[in-house]
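Engineer: To start, I am sharing the structure in question, which I have written as structure tokens.
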Amino acid sequence: MSKEVLAEIVGNVTKVLAHKGDVVTLDTDLVILESMKMEIPVRSEYPGTLVDIRVHPGDVVQEGDVIAVVEE
Numbered sequence: 001m002s003k004e005v006l007a008e009i010v011g012n013v014t015k016v017l018a019h020k021g022d023v024v025t026l027d028t029d030l031v032i033l034e035s036m037k038m039e040i041p042v043r044s045e046y047p048g049t050l051v052d053i054r055v056h057p058g059d060v061v062q063e064g065d066v067i068a069v070v071e072e
């Protein structure tokens with residue numbers, strides 16, 4: 001079953017740490033967002049295989065945007 005990992009804040013994507021096909025565990029850092037001069041990791045909320053990463057460095061994400069999709 002596919003699960004979406006969502007952005008919890010508005011921010012700029014500074015780094016993408018995981019890639020399609022990676023096996024991730026609960027709390028694996030996927031992306032780093034910058035918001036208000038702080039770097040905030042977006043972590044996987046599910047264990048499984050990363051089937052899609054929907055952001056790139058330089059993208060601006062809004063709260064609730066899909067960052068990645070994990071297949072459990």
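The numbering of the sequence shown is UniProt numbering, which starts it at 1 and goes up by one.
Ideal Cβ placement from N, Cα and C applies to all residues, glycine included.
(1) Closer than 7 Å, CB to CB, is VAL24 near chain D or not?
(2) Which residue's Cα is closest to the Cα of ASP59: LYS3, ASN12, LYS37?
(3) What span of residues does the beta strand (DSSP E) with GLY48 cover, start to end?
(4) Which value, in whole angstroms, describes the spacing of the CA atoms of HIS19 and ILE53?
(5) Kindly indicate which residue of ASP27, THR14, GLN62 has the alpha-carbon position closest to the one of LYS37.
(6) How many angstroms separate the CA atom of ALA68 from the CA atom of LEU6?
(7) Identify whether GLY64 lies in helix, strand or coil by the three-state DSSP scheme.
Structural biologist: Reading off the structure:
(1) Protein chain content of the structure displayed is limited to a single chain, and chain D is not contained in it.
(2) Your numbering for residue 59 matches position 59 in the sequence shown. Ranking the options by Cα distance to ASP59, first place goes to ASN12.
(3) Taking the sequence shown and counting its residues from 1, one reaches residue 48 at position 48. Unbroken beta strand (DSSP E) run through GLY48: 48-53.
(4) As a working note, residue 19 is residue 19 in the sequence shown. As a working note, residue 53 is residue 53 in the sequence shown. Each residue's alpha carbon lies about 7 Å from the other.
(5) Locating residue 37 in the sequence shown gives position 37, counting from the first residue. The candidate whose alpha carbon is nearest that of LYS37 is THR14.
(6) Here the question's residue 68 lines up with position 68 in the sequence shown. Here the question's residue 6 lines up with position 6 in the sequence shown. One C-alpha to the other measures close to 7 Å.
(7) Along the sequence shown, one-based indexing puts residue 64 at 64. Coil at GLY64, not helix or strand.
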